[in-house]
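Reminder that position 283 of the sequence shown reads as 345 in the numbering used here, one-by-one numbering, no gaps.
Yeah, the Cβ is synthetic: ideal placement off N, Cα and C, and Gly gets one too.
Fair warning: this is a prediction, and the values are worked out from it, not measured in the lab.
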Amino acid sequence: MNTLFQHPVTIIYHGNCPDGFASALAAQLFFKQQDNYKSFKDKITLHKGIHGTTPPDCQGKEVYILDFSYKRDDMKRLCQQAVKVTIIDHHVTALNELKDLDKEHDNLDINFDMSQSGAVLSWKFFHQSPVPKLFQYIQDNDLWQFKLENTRTIILALMSYPMKLKLWGSWLRDDSTLDTLHSEGLILQRQINKQISRYKKAARMGKVAGYVVPVVNAPGSIGSELLHQLSDGYPFAAAYEDKAERRVWQLRSGGEKAIDVAEIAQQFGGGGHKNASGFASDISDIDIFPKS
63 MNTLFQHPVT IIYHGNCPDG FASALAAQLF FKQQDNYKSF KDKITLHKGI HGTTPPDCQG
123 KEVYILDFSY KRDDMKRLCQ QAVKVTIIDH HVTALNELKD LDKEHDNLDI NFDMSQSGAV
183 LSWKFFHQSP VPKLFQYIQD NDLWQFKLEN TRTIILALMS YPMKLKLWGS WLRDDSTLDT
243 LHSEGLILQR QINKQISRYK KAARMGKVAG YVVPVVNAPG SIGSELLHQL SDGYPFAAAY
303 EDKAERRVWQ LRSGGEKAID VAEIAQQFGG GGHKNASGFA SDISDIDIFP KS
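What follows is the structure, given as structure tokens:
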């Protein structure tokens with residue numbers, strides 16, 4: 063569907079996340095198809111959404127928030143600024159946080175579906191064509207389903223590349239790219255397995271939100287698989303990585319003793335899914351290890 067731009071556009075997507083970035087790509091490809099894109103493209107802004115931060119100034123703009131959402135009060139202020147706000151998300155914490163907010167703001171359109179990833183939801187929202195295979199793999203990984211063959215290796219390779227719209231967009235036009243990514247991912251997998259083994263040995267028991275669980279200081283790039291293994295037999299496992307003055311946390315749960323880690327993350331201003339969530343804190347905010 064082609065239409066003319068009427069207002070400046072801001073696309074806010076889940077930052078540092080393949081599902082979020084693919085969501086932004088789906089939106090950007092849609093806008094590139096519009097009749098007056100060349101004369102309007104400088105009025106389209108992409109913004110990384112990071113939990114714990116406030117929205118950008120969106121006065122007089124048309125806003126799309128993809129695979130992400132802000133806290134209720136921030137969303138209220140954003141709706142007061144913007145001409146129109148559209149949310150496309152699949153995180154249960156956001157669904158609960160923003161319940162019935164669209165009844166308070168006529169310019170807010172909320173689209174939630176917990177059964178699909180943000181990238182696939184965004185593609186279906188903006189496009190009539192079938193969901194690209196790469197997006198299907200991103201969803202398979204994001205929902206931690208692994209129903210497709212070679213998802214882990216394809217995503218490993220994907221994440222070794224910079225998040226550039228032109229680059230990722232080129233991969234959508236050639237399905238043979240998936241074979242290349244799989245081959246590259248096989249090589250990366252060996253190194254990742256070595257890292258996971260090393261960081262598992264470095265994990266310590268700590269207290270997070272009152273739960274005594276395995277905690278490890280580890281890079282976010284291996285967090286999901288590492289925590290999946292560490293959480294076995296515990297309510298969940300936690301990993302943190304210090305970035306400047308912020309400590310970024312990942313929580314994962316699985317197995318018989320698993321609890322809803324989205325609820326844990328929400329206590330600290332974050333969010334996510336029942337078995338995968340995250341939040342950010344000041345480095346000194348959370349005392350996780352008992353003093354000797």
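>> On the DSSP bridge list, what partners appear for asparagine 173?
In response: Ile150
>> Which residue marks the beginning of the beta strand (DSSP E) containing valine 310, and which one marks its end?
In response: Per DSSP, valine 310 belongs to the beta strand (DSSP E) from 308-314.
> Counting only runs that start and end within the segment 274-328, where is the beta strand (DSSP E) found for 3 or more residues in a row?
Replying inline: Listed in chain order, they are 299-305 and 308-314.
>> Only counting the same chain, and skipping five residues up and downstream in sequence, which positions put a Cβ closer than 7 Å to that of asparagine 212?
In response: His244
> What did DSSP end up calling aspartate 339 once you bin it into helix, strand or coil?
Replying inline: Per the sequence shown, the amino acid found at residue 339 is serine instead of aspartate. If DSSP states are grouped into helix, strand and coil, serine 339 belongs with the strands.
> Under 8 Å, do histidine 152 and glycine 331 count as touching if we go by C-beta distance?
Replying inline: no
>> Are the CB atoms of phenylalanine 93 and isoleucine 106 within a distance shorter than 8 Å?
In response: The answer is yes: Cβ separation under 8 Å.
> Whose C-alpha, out of Pro224, Asp171 and Asp304, is nearest the C-alpha of valine 147?
Replying inline: Asp171
> In whole angstroms, what separates the C-alpha of glutamine 68 from that of lysine 103?
Replying inline: 12 Å
> Can you tell me whether asparagine 158 is buried or exposed, with buried defined as 16 or more other CB within 10 angstroms of its CB?
Replying inline: exposed
> Going by Cα to Cα distance, which pick from Ser191, Arg260, Ala324 and Pro70 is closest to lysine 123?
Replying inline: Pro70
> What is the DSSP secondary structure of isoleucine 74, counted as helix, strand or coil?
Replying inline: Under the three-state reduction of DSSP output, isoleucine 74 falls in the strand class.
>> Looking only at its chain, what residues have a beta carbon closer than 7 Å to the beta carbon of glycine 282, apart from the 5 residues adjacent to it on each side?
In response: Glu303, Val310 and Gln312
>> Pairs of beta-carbons, one from the segment 177-193 and one from the segment 79-92, closer than 8 Å: are there three or more?
In response: yes
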